[in-house]
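Report on one structure; see the data block that follows.
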Amino acid sequence: MFIIDYNLYTSVYDLDEILVGKAEKKKIKAELRRCVINDEAPKGPVYIMLKISNRCNSDCAYCVHAFSNSKELRTDPDTQLLLRIIREAGEMGVSAMTITGGEALLRNDVELLVKEMRDNKITPVLLTNGILLPSRYESLGEAGLRYIIISIDSLDPHVYKLQRGIDFSLAKAGIDAALAFKDKYNDAHVHVTVVLTKNNADELPSFIKYMTDMGIYVQISPYHHFNPSVPNTLRITDPEKMFSLTAEILKMKREGALIANSNQFISHFPDFFLNNQRIPVGYKCPVGYMDMFIDAHMNVRGCWDEKYGNMGSAKEMSLKDIWDSKKYCEERKKMLQCCCDGCWYLCTGEQTAFITNEEL
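Structure (structure tokens):
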């Protein structure tokens, strides 16, 4: 059986249901389950995360795309290439596509990409820091965008700047613009995503309450630390605080707070932070059967984990050829068995709520 809980991806599917219908949504879920159990590649991914730039106007303490990172080679893929990728995704039956960066809104063609997704029956999702949203939300809405996710870790100006590296007033203007977007388009959805660290842990319940009052869903992502040569200064290490916070979040969700995470995802937080256990015991990851990730250099991946590497270049191959390739087929088996460092990201751990069943 499927364990379906309200989270980022079921919300995307709620929008997709409007586009393709309830029967088609049910058919997609059944096909995913069959392919995972029988180790077959579906016709195409359900979801694609597409990085349309690795430039950014934020300086987040934990992100490789931070504007202070002088080591990263900055690039913006060609618009025509992105349009081709979107059309290929539509032909493969992709249900939803997130455009992200870096900061996606540093490009002036996002509206064109959104329209192309809608024309190809793909639900467009914008992941942004919100800084440029005040001047763009109306044109994005006119293009057909109805789903915005804003990355914001805190409502405390000091904590926000500590983690995001820029002035909080810019982020607040982005939230205000998202609310205006939501007011203008009755079918619009707005989420915020929060990277949970020791800096904002105490604030999280009040943050959730504030966003709930605004009609905005909150999705929580625990801070990941992968570099053992650098001290992990953002980890939550107090057991009492961690267990208490987890219990409070689950209670708030039961009582109607707009928390987009599944219960399964939230319940793993204590083990993640206190025991350095990135994935639950016995966990299997079906993301290789569901998703495709494309970086700003147009490298196609089945997961962001470096152990799986690139599956091919979207500049040189079609998405379909990459998806059906021998390499992708071999790597998705490894992904299912978690032959990696493990993670508890929204784009991997949370998606498992779609397809979790006792046989996996």
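If you read the sequence shown in this note's numbering, its first letter stands for residue 1380, the second for the next number, and so on. Each residue gets a CB set at the ideal place from its N, CA and C atoms; glycine is no exception. From a predicted model like this one, the values you see are computed outputs, not experimental measurements.
Report the partner residues of G1691 according to the DSSP bridge assignment.
As a first step, residue 1691 is located in the sequence shown; it is residue number 312 there, counting from the start. Answer is V1679, bridged to G1691.
Would you tell me roughly how many angstroms separate the C-alpha atoms of E1738 and P1607, rounded to the nearest one?
Position 359 of the sequence shown, counted from the first residue, corresponds to residue 1738. Position 228 of the sequence shown, counted from the first residue, corresponds to residue 1607. Model confidence at E1738 stands at a pLDDT of 39, short of 50, so the residue's coordinates are unreliable; what they give is reported in the following sentence. If you take the alpha carbons of E1738 and P1607, they lie about 35 Å apart.
Sorted by chain position, which residues of the same chain lie with C-beta nearer than 7 Å to T1714's C-beta, five sequence neighbours on each side aside?
What you label residue 1714 is simply residue 335 of the sequence shown in a count that begins at 1. One detail in the question is off: residue 1714 reads as Met in this sequence, not Thr. Here the set comprises C1664, V1666, G1667, G1681, C1682, Y1687.
Please state the DSSP three-state secondary structure of A1522.
Locating residue 1522 in the sequence shown gives position 143, counting from the first residue. A1522 falls in the helix class under three-state DSSP.
Suppose the cutoff is 7 Å on Cβ atoms and the five residues either side in sequence are ignored; what does the same chain contact list for G1469 look like?
Numbered from 1 along the sequence shown, position 90 holds the residue referred to as residue 1469. Around G1469: N1499, K1500, I1501.
So, are the CB atoms of Q1598 and L1506 less than 8 Å apart?
Here the question's residue 1598 lines up with position 219 in the sequence shown. Here the question's residue 1506 lines up with position 127 in the sequence shown. Result no, Cβ atoms of Q1598 and L1506 do not sit closer than 8 Å.
Here's the rule I'm using: 16 or more other beta-carbon atoms within 10 Å means buried, otherwise exposed. How should D1566 be labelled?
Position 187 of the sequence shown, counted from the start, is the residue given in the question as residue 1566. Under this definition D1566 is an exposed residue.
If distances are taken between C-alpha atoms only, which option among G1481, L1519, L1411, L1485 comes closest to K1494?
As a working mapping, residue 1494 is identified with position 115 in the sequence shown. Of the candidates G1481, L1519, L1411, L1485, the one whose C-alpha sits nearest the C-alpha of K1494 is L1519.
Hey, out of D1535, P1456, N1611, Y1602, whose CA is closest to L1492's CA?
Taking the sequence shown and counting its residues from 1, one reaches residue 1492 at position 113. Measuring from the Cα of L1492, the nearest candidate turns out to be P1456.
DSSP state of D1455 mapped onto helix, strand, coil
For the purposes of this step, residue 1455 is taken as the residue at position 76 of the sequence shown. Correct three-state label for D1455: coil.
Tell me where the alpha helix (DSSP H) around V1542 begins and ends.
As a first step, residue 1542 is located in the sequence shown; it is residue number 163 there, counting from the start. The amino acid occupying residue 1542 in the given sequence is Gln; Val does not appear at that position. That run of the alpha helix (DSSP H) goes 1536 to 1543.
Nearest-angstrom Cα separation, counted from P1618 out to M1496:
Numbered from 1 along the sequence shown, position 117 holds the residue referred to as residue 1496. Numbered from 1 along the sequence shown, position 239 holds the residue referred to as residue 1618. Here the alpha carbons of P1618 and M1496 stand approximately 45 Å from one another.
Which whole runs of the alpha helix (DSSP H) in the stretch 1441 to 1513 are 4 residues long or more, in chain order?
1458 to 1470, 1489 to 1498
Does F1560 pass the burial test, meaning 16 or more other C-beta atoms within 10 Å, or should it be called exposed?
For this step, residue 1560 is matched to residue 181 along the sequence shown. Using a 10 angstroms sphere on the CB of F1560, the tally of other CB atoms reaches 16 or more, which defines it as buried.
Alpha-carbon to alpha-carbon, D1650 and L1452:
Translated into the one-based positions of the sequence shown, residue 1452 becomes position 73. Translated into the one-based positions of the sequence shown, residue 1650 becomes position 271. In a straight line, the C-alpha of L1452 is about 35 Å away from that of D1650.
Please list the terminal residues of the continuous beta strand (DSSP E) segment that includes I1587.
Taking the first residue of the sequence shown as 1, we reach residue 1587 at position 208. No beta strand (DSSP E) contains I1587, which is instead part of the alpha helix (DSSP H) from 1583 to 1592.
Cutting at 6 Å between CB atoms, please list the residues of its own chain near C1719, excluding the five before and the five after it.
Against the sequence shown, residue 1719 aligns to sequence position 340. For C1719, same chain residues with a beta-carbon under 6 Å away, outside a window of 5 residues either side, are D1684, K1686 in chain order.
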